Amino acid sequence: MTVKLIKEFSVFVQLVKAGKMTDAARILGMSPATISQRLRHLEQELGVRLVNRNARGMKVTDEGRALFERLDGLMGDLEDTAEAVVQLAKGPHGTLRVWSTMGLGRNRIAMLVKEFIARFPEVPVQLFLGDRPYDFVSEGLDVAIAIGQPEDSSLVARKLMDNRCHLIASPQYLATHPALKTPEDLRDHECLILDCHASFKDFWPLYDDQGGQHSIKVRGKLQTDHSEVLLQWAVDGMGIALKSAWDIQPYLDDGRLVEVLPNYRPPDLDFYLVYPERKCLPAKTRVFMDFLFEKVPTGKGEH
């Protein structure tokens, strides 16, 4: 397909949309004679009549209508692609709206956003944090950093970082409560329950070294929808919690928390970058995602 033929396809699509030769000429900034000449050339190249025209007007043929229906979406895609290239040449710009889970957002993403705007000062960032479901449409988001892949098939997810989980408690709590040897022993303990999006809530699945699953319904007097409140309760000796390794490592290192039932592992809750499925992402979204993968180099690809 030659470039000239692509131009004539564009003229044909606009002609059909306008419905009149004179209207199409005004929109395209061409003379009616030039449009008529390009239409004849396109018909000659394809060997088919696309538009019947006379002094009273024009009527698109069945073949012309079929071609238009095929071309209309394709020409839109070409325009989007060209616009994406233009925006890339201009560089990233415009406000970027980012959503993240609360704990990761406060402890990791907020600091990375600070570095990002130092590198790309022309891209202001609005960072929203929460342990709740996110909504791209109502919140106008460009990208989300969430646990697990989205249920919405129109969204794309790329793994950002591994997120292993562990059962933990404070030494003070363990010193005053029965020893734990098996997952079933959790039923005799105060368990701190996180009730939020993508959490295990009060149903804790654990796997032993042989791959066997132990699903335990836990109980406890304390429940919250805030991951940082849960962590503080665990540090204060209020019970056993199921927490992400990245979040508790400093507390394990200094002894404020210890791992419980280390031979039984909860499932991972990996973090993903989630964004609308588009053929051409805005430059601001693309550079932000590339920046995160540069700083957190554990992504595993697109799903």
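Counting in the working numbering, the sequence shown runs from 2 upward without gaps.
The beta-carbon is built from N, C-alpha and C at its ideal position, and this holds for glycine as well.
Since the model is a prediction, treat every value here as computed from it, not as a measurement.
Three-way DSSP call (helix, strand, coil) for residue i in this model
i      : result
Phe137 : helix
Phe121 : coil
Phe201 : coil
Gln211 : coil
Gly104 : helix
Leu128 : strand
Arg392 : Beyond the ends of the chain as shown, which are 2 and 304, falls residue 392; an answer cannot be given.
Leu274 : strand
Arg39  : helix
Lys296 : helix
Pro263 : coil
Lys222 : coil
Neighbourhood of residue i by C-beta distance below 7 Å, restricted to the same chain and skipping five residues each side
i      : result
Phe121 : Pro93, Val288
His42  : Glu9
Ala19  : Ala25, Ile28
Glu303 : Unreliable placement is indicated for Glu303, whose pLDDT of 45 sits below 50; no coordinate value is reported for it.
Distance between beta carbons of residue j and residue i, contact taken as under 8 Å
i      : j      : result
Asn108 : Leu270 : At roughly 15 Å, the Cβ-Cβ gap does not stay under 8 Å, so Asn108 and Leu270 are not in contact.
Leu68  : Leu51  : 6 Å
Lys244 : His167 : 6 Å
Glu161 : Val297 : The sequence shown places Leu at residue 161, rather than the Glu named in the question. With 8 Å as the limit, Leu161 and Val297 qualify as a contact, their Cβ atoms being about 6 Å apart.
Tyr265 : Asp209 : 6 Å
Val261 : Leu207 : Not confirmed; about 11 Å, so no contact.
Ala145 : Trp100 : 4 Å
Rounded straight-line distance, which links the Cα of residue j to that of residue i
i      : j      : result
Ala158 : Thr62  : 44 Å
Leu253 : Gly74  : 56 Å
Pro263 : Leu282 : 43 Å
Val114 : Arg188 : 42 Å
Ser139 : Val126 : 18 Å
Arg98  : Glu278 : 16 Å
Met239 : Pro172 : 11 Å
Leu293 : Gly30  : 45 Å
Asn53  : Leu47  : 15 Å
Ile110 : Phe201 : 23 Å
Lys301 : Thr183 : Here the model assigns Lys301 a pLDDT of 46, short of 50, so the residue's position is not dependable, and the following value carries that caveat. Approximately 33 Å, taken between the alpha carbons.
Beta-carbon proximity list for residue i, same chain, < 8 Å, skipping 5 on both sides
i      : result
Glu123 : Gly92, Pro93, His94
Glu185 : His215, Ile217
Ala242 : Leu168, Ile169, Ala170, Cys192, Leu193, Leu195, Leu231, Leu232, Trp234, Ala235
Ser32  : Ala26
Ile36  : Val12, Leu16, Met22, Ala25, Ala26, Leu29
Proximal residues to residue i (C-beta, below 6 Å), its chain only, five neighbours per side dropped
i      : result
Cys197 : Asp132, Asp226
Lys285 : Pro93, Gly95, Leu97, Val124
Chain B contact for residue i (CB, 7 Å cutoff)
i     : result
Gly95 : The displayed structure is made up of one protein chain only, and chain B is not part of it.
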